[in-house]
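Below you'll find the structure, written out as structure tokens, and then a few comments.
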Amino acid sequence: MTPFARDGVCESCKRAYTVSGVALAPGTETEAPARFRCACGGWLSTFVPGSVNKERLVFTPKGEKTPA
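According to this note's numbering, the sequence shown holds residues 328 to 395 in order.
Here it is, written out as structure tokens:
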């Protein structure tokens with residue numbers, strides 16, 4: 328298992344997150360977009376490796392909101 332990290336931004340509040348987890352081979356496997364709920368109730372999406380367990384992903388706020 329190899330750790331990976333991807334960036335995502337909430338469509339509603341524009342808060343940026345780092346989405347991290349582990350996958351079998353994140354650099355060589357197919358990635359697909361996945362949507363997740365933000366703390367504000369909006370949606371953020373990012374590409375994640377196909378072998379990732381989405382329930383075990385970690386969402387870390389990146390601090391400042393991105394410009395609209």
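Here a beta-carbon is modelled for each residue, glycine too, at the ideal position from N, C-alpha and C.
Predicted model, so just to flag it, every value in this text is computed and none were measured.
Beta-bridge partners of residue i, as assigned by DSSP
| i | result |
| --- | --- |
| Ala361 | Thr373 |
| Pro388 | Tyr344 |
| Thr355 | Paired residues: none, contrary to the question. |
| Cys337 | Leu371 |
| Ala350 | Thr329 |
Cβ pair residue i, residue j closer than 8 Å
| i | j | result |
| --- | --- | --- |
| Gly335 | Leu384 | no |
| Ser378 | Glu356 | yes |
| Thr387 | Thr329 | no |
| Phe363 | Ser347 | no |
| Val375 | Arg342 | no |
| Glu338 | Gly368 | no |
| Lys381 | Ala361 | yes |
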